[in-house]
Every structure is written in structure tokens, then in C-alpha cells.
Ligand code: HEC
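Residue numbers (my numbering): 23 to 184.
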């Protein structure tokens, strides 16, 4: 049958030709197996989200951020990185994170899949991380950080918050 023979070729072309051929109205989406799409992974957006969502209160990147949780610099990530592994690591750390977020942020951070995708892109992008500075941190988040660093005795980075 013609149809069953041509189908695998179409799938192959889609897989290797990149996003422009794959889907014109959603150029940044990449089709994966079985009807799954990878969302846009935008490291610049991720840089903003990492600060705005409050990850930075506990995790540092480029020496900016709290010291209550593991540093998330690209150099500590697998290369190439499986993005789902990052999510799985968050899941493994979930219990400790939720408890600490309730304590320090007054609630648990809400994330949708697109936001997480961009945060993961940022976490893996050393170039974008080099741009990360105190200026990325909104005031309300910075306020939460101020009182946390007081009770951390083994601060080993030289960041200062006013
Ligand atoms: C209130 C503090 C806090 C905030 C805010 C926070 N985390 Fe965490 N996170 C932790 C702690 C504590 C751990 C360590 C858990 C452990 O060691 O079991 C952790 C673990 C992780 C891990 C696993 C690290 C590893 O080495 O395996 C990842 C990944 C992670 N967090 C990502 C994030 C992201 C992304 C955000 C923002 C959306 C975020 N965290 C916000 C406290 C926080």
C-alpha cells in the first residue's frame, strides 16, 4: 500500500528537516514521537523566570542567588542534557523544596510547562548564565533573599545584597 510506505519517510523528513518544515504556524515547536511536542526553550526568558519565580532565593547561578540549595550553573549539568532528567531531579528534591518554599516564600512556586522549559534552557546555557546578575532580581524576590542570607554560615560566594 502506498500510504503505509510513504508515511515513515514523511516522519523521517519531519524529524531531520528541523522546525521550519515541521510546522509553519508553530515554527519553534519540534515534533517528537507519538504526538508529543517539545515546547520553545528560551534561555533568555528562563533567566528572567529563574529570578521572578524565586528559584534564585535558594539556588545560585553565576554566583547570584541563595545558598540553601545546590548551585544550578551549566557546568554542573550533563552535556548534552536530557531536559526530563532536570525535571526528575526537581521531583526528587520536591519534598525538601516544597517545605522550604512554604517557609521562605510563603507558598509553593507555580510553574507551567513552557516556563519550566525556558528555565531548563537557561540552566543549561552557560552564555546566558554569564549575563545573570543582581539586576535580574525583582525587588520583592530580593527582599526574601536578604533575610535568608543572614542565617547561612557557610556562604562561599561574594555576592552582597545592599
Ligand atoms: C525555598 C528554597 C527553594 C526554591 C525557591 C527552589 N528550590 Fe530547588 N531545591 C531546594 C532544595 C533545598 C533542594 C535540595 C533538595 C535535596 O537536596 O534533596 C532543591 C533541589 C532542586 C533541584 C535538584 C538539584 C540536584 O542537585 O539534583 C533542582 C533541579 C531544583 N531544585 C530546581 C529549582 C527550580 C528550577 C526552582 C525555581 C522554579 C527552584 N528549584 C526553587 C530549594 C529551593
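Where a beta carbon is used, it is the ideal one built from N, C-alpha and C, also for glycine.
What three-state label does DSSP hand residue i in the structure shown?
i	result
residue 82	strand
residue 60	strand
residue 87	strand
residue 163	helix
residue 109	helix
residue 66	helix
residue 54	coil
Near residue i, which residues of its chain fall below 6 Å by C-beta distance, leaving aside the five closest residues on each side in sequence?
i	result
residue 75	131
Enumerate in chain order the residues of its own chain whose CB-to-CB distance from residue i is below 8 Å, with the five nearest sequence positions on each side excluded.
i	result
residue 135	61
How many whole angstroms separate the CB atoms of residue i and residue j, which I take to be in contact at a CB cut-off of 8 Å?
i	j	result
residue 96	residue 55	Actually they are not in contact, since the Cβ atoms of residue 96 and residue 55 sit about 27 Å apart, beyond 8 Å.
residue 150	residue 70	With a Cβ gap of about 10 Å, residue 150 and residue 70 do not count as contacting.
residue 154	residue 65	The pair is not a contact, with the Cβ atoms about 10 Å apart (cut-off 8 Å).
residue 140	residue 63	6 Å
query = Quick one, what's near the ligand HEC if you take every residue whose CB is closer than 6 Å to any heavy atom, in chain order?
reply = Listed by position along the chain, the residues with Cβ atoms less than 6 Å from a non-hydrogen atom of the ligand HEC are 75, 76, 77, 79, 80, 81, 90, 91, 92, 108, 111, 112, 115, 118, 119, 122, 123, 126, 127, 131, 133 and 141.
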